[in-house]
Amino acid sequence: MSNVRFDELELMLMAMFEQPTLRDTIKVLTEAQPLVAEDAEMAVLVQQTIEKMQQLNEQQFKGLELEWHRPEDDIGK
8 MSNVRFDELE LMLMAMFEQP TLRDTIKVLT EAQPLVAEDA EMAVLVQQTI
58 EKMQQLNEQQ FKGLELEWHR PEDDIGK
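The numbering of the sequence shown is the working numbering, which starts it at 8 and goes up by one.
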């Protein structure tokens, strides 16, 4: 079993782009890469997040409980 560690920004990024499956989420993040290419920090964040996600299986992805990392979840609490 993979022992991948995500930092808070990586988790927030995944939560913002989360799709029903790991594969679909990776696909959406990959498609977003050209949109952030001019922002070096964001480009690195997206790339490193994708690389880490590729080490996960579907069960591990679901276990991340990304709903806790969505920025809008903090609003109104």
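Don't be surprised by glycine CBs; every beta carbon is placed ideally from N, CA and C. None of these values were measured; they are calculated from a predicted model.
Host alpha helix (DSSP H) of residue i (start-end)
i   : result
V51 : 47 to 60
E65 : 65 to 69
Separation of residue j from residue i, as counted between CA atoms
i   : j   : result
E74 : A22 : 6 Å
V51 : A44 : 9 Å
E15 : P41 : 23 Å
Q61 : I33 : 8 Å
Secondary structure of residue i, DSSP reduced to three states
i   : result
V43 : helix
V11 : coil
P27 : coil
A22 : helix
Residues of its chain near residue i, where Cβ-Cβ distance is below 8 Å and the 5 sequence neighbours each way are ignored
i   : result
E17 : L52, Q55, T56, K59
K84 : Residue placement at K84 is poorly supported in this model, since its pLDDT is 44, which falls under 50; the coordinates still yield a value, given next. Within the same chain, K84 has no close Cβ partners at all.
Own chain, CB closer than 7 Å to residue i, minus 5 neighbours either side, in chain order
i   : result
L29 : M60, L63, E65, F68
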